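Here the structure is laid out as structure tokens; the discussion comes afterwards.
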Amino acid sequence: MKQITAPLFLAILLSFQFAFSQKKPGLSKKLETKIDSLIRTEFNDQNGPGGVFVVTQKGKSLYRKAFGKANLELDVNMTPENVFQIGSMTKQFTAVAILMLEEQGKLNVNDAVSKYSKDYPSGDKITIHHLLTHTSGIKEFTKMKSLLSIAQKEMKPEMVVDFFKNEAVDFAPGEKFEYNNSGYVLLGYIIEQASGETYENFLKKNIFDKIGMTHTYYATDRQIIPKRAYGYHKKEHGYVNRTVISFSIPFASGALMSTVDDMLKWQNALNQNVLLNSTETKKAFQKYPLNNGETFSYGYGWHLKDIDGTPTREHGGSLFGFKSMGVYIPGEDIYVIGFSNCDCHSPTEITRNIAKVVLENEKK
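The numbering of the sequence shown is the numbering used here, which starts it at 210 and goes up by one.
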């Protein structure tokens with residue numbers, strides 16, 4: 210047998226070290242199979258609308274798979290690169306845009322709404338903070354029966370605000386937490402007033418372009434969106450195309466489109482304080498008190514919950530034909546995202562359950 214010299218031994222050792230250092234992060238086959246089975250409890254029709262799920266840790270992808278079809282009429286398979294409407298996950302971007310403007314000295318979260326909308330009823334008592342935290346008490350416009358009369362109209366932000374602003378409030382500002390889309394529409398209007406730009410342009414210039422979110426858009430049915438996933442409903446007789454609405458209606462409360470890969474860029478940018486300084490970032494992820502001193506589980510644009518006692522930051526979205534969900538576990542830097550192109554399939558519990566099994570595996 211040939212004797213191994215010291216230089217040869219060193220070369221072999223270095224090659225092993227290099228191979229080990231180049232090993233990509235990933236899940237065990239057992240855990241991957243478990244995640245597959247969780248997803249297929251809901252996304253089990255390979256010829257129907259589907260979804261995309263991604264698991265990342267420390268900014269790196271561990272699991273990234275697509276299920277079902279992106280377009281039924283053209284029989285196009287879903288891919289992880291498809292663009293989805295993300296619904297109320299838009300609120301994260303609206304909240305961060307407000308904090309960016311605060312960092313720039315153009316507004317303060319304690320400003321009264323009346324500073325930006327002079328004739329807003331009780332606008333001197335409602336603050337930007339109330340809008341961000343869903344504690345304003347203003348009427349939820351998605352519950353108004355008259356919404357159908359404007360659902361397909363192209364409207365300016367102030368027109369949408371005018372639609373609900375004179376409705377009676379449900380409670381005094383700061384009295385309780387009640388999820389409210391109207392507040393985030395009003396925040397979009399405030400962003401435009403404070404920045405002098407449209408909401409769409411402000412986000413594109415200050416967020417999407419800055420961190421390379423090249424497949425994230427203010428939603429449109431007119432523009433050609435490469436790799437767009439089409440949205441569907443499910444009826445008794447089968448799938449149908451989604452109901453068409455004007456995206457000017459959900460506006461800053463739910464009008465964005467994105468991909469799972471772009472959402473990872475978003476999460477990484479938040480973690481690295483690329484968009485906000487650490488002081489402003491903390492404001493988004495802390496719990497606040499109501500008037501009676503009790504805290505509630507929502508910051509600015511995120512639900513602040515937990516999985517078996519481990520803190521999480523979560524938010525979902527639902528818009529005709531689409532549902533979305535994102536769960537971030539800051540302590541382990543685990544991010545799980547699920548998108549669906551049929552509102553018949555909800556990724557909410559699946560995404561939380563995936564986060565739970567990945568977290569349990571991490572703690573072993």
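C-beta atoms are modelled at their ideal positions from N, C-alpha and C, and glycine is treated no differently.
Keep in mind that this is a model prediction, so the values were computed, not measured.
Separation of residue j from residue i, as counted between CA atoms
| i | j | result |
| --- | --- | --- |
| Phe262 | Asp245 | 10 angstroms |
| Asp333 | Glu241 | 53 angstroms |
| Ile538 | Lys492 | 17 angstroms |
| Met364 | Phe386 | 28 angstroms |
| Gly447 | Ile546 | 27 angstroms |
| Val469 | Gly392 | 26 angstroms |
| Asn576 | Gly510 | Any question about residue 576 goes unanswered here, given that the chain covers just 210 to 573. |
| His512 | Thr490 | 15 angstroms |
| Lys414 | Glu251 | 37 angstroms |
| Ala279 | Lys352 | 30 angstroms |
| Gly440 | Asn450 | 6 angstroms |
| Phe494 | Thr488 | 11 angstroms |
| Phe161 | Thr425 | Summary: the structure shown does not reach residue 161, with the chain confined to residues 210 through 573, and so no result is reported for it. |
| Tyr497 | Glu376 | 26 angstroms |
| Glu311 | Asn253 | 45 angstroms |
| Pro520 | Gln476 | 16 angstroms |
| Asn256 | Ser549 | 14 angstroms |
| Thr452 | Lys444 | 12 angstroms |
| Ile516 | Lys327 | 43 angstroms |
| Lys572 | Gly525 | 26 angstroms |
| Asp471 | Arg437 | 14 angstroms |
| Ala428 | Ala304 | 18 angstroms |
| Glu384 | Glu406 | 33 angstroms |
| Leu499 | Asp430 | 40 angstroms |
| Tyr388 | Ile433 | 33 angstroms |
| Ala564 | Glu503 | 28 angstroms |
Which of helix, strand or coil DSSP assigns to residue i
| i | result |
| --- | --- |
| Met309 | helix |
| Lys232 | Interpretation of Lys232 is limited by its pLDDT of 37, a score under 50 that renders its predicted location unreliable; no figure is taken from the coordinates. |
| Lys243 | helix |
| Pro498 | strand |
| Gln255 | coil |
| Met466 | strand |
| Lys348 | coil |
| Arg249 | helix |
| Ala279 | strand |
| Phe456 | coil |
| Leu357 | helix |
| His554 | coil |
| Ser533 | strand |
| Ser404 | helix |
| Glu387 | coil |
| Leu340 | helix |
| Leu580 | The structure shown does not extend to residue 580, since the chain is modelled only from 210 to 573, so the question has no answer here. |
| Thr303 | helix |
Cβ pair residue i, residue j closer than 9 angstroms
| i | j | result |
| --- | --- | --- |
| Thr336 | Ala464 | no |
| His343 | Tyr507 | yes |
| Lys532 | Glu523 | no |
| Phe350 | Val394 | yes |
| Tyr329 | Lys374 | yes |
| Val292 | Val567 | no |
| Pro556 | Gly260 | yes |
| Ser270 | Leu473 | yes |
| Leu484 | Ala403 | no |
Cβ separation of residue i and residue j, assumed to be a contact under 8 angstroms, to the nearest whole Å
| i | j | result |
| --- | --- | --- |
| Ile454 | Phe529 | 6 angstroms |
| Ser345 | Pro382 | 5 angstroms |
| Leu479 | Ala306 | About 13 angstroms separates the two Cβ atoms, so there is no contact after all. |
| Ile248 | Tyr325 | Going by Cβ atoms, the distance from Ile248 to Tyr325 rounds to 43 angstroms, so no, they are not a contact pair. |
| Lys354 | Asp379 | Not a contact, Cβ separation roughly 16 angstroms. |
| Ser297 | Ser457 | About 16 angstroms; that fails the 8 angstroms criterion. |
| Met466 | Ile295 | 7 angstroms |
Beta-bridge pairing of residue i - partner residues as DSSP gives them
| i | result |
| --- | --- |
| Gln294 | Met466 |
| Val263 | Arg273 and Ile546 |
| Phe204 | The requested residue 204 is not part of the displayed model; the chain covers only 210 to 573. |
| Leu513 | Arg522 |
| Arg437 | Val292 |
| Val394 | Partner(s): none; Val394 has no beta bridge. |
| Ala321 | Thr336 |
| Val449 | His442 |
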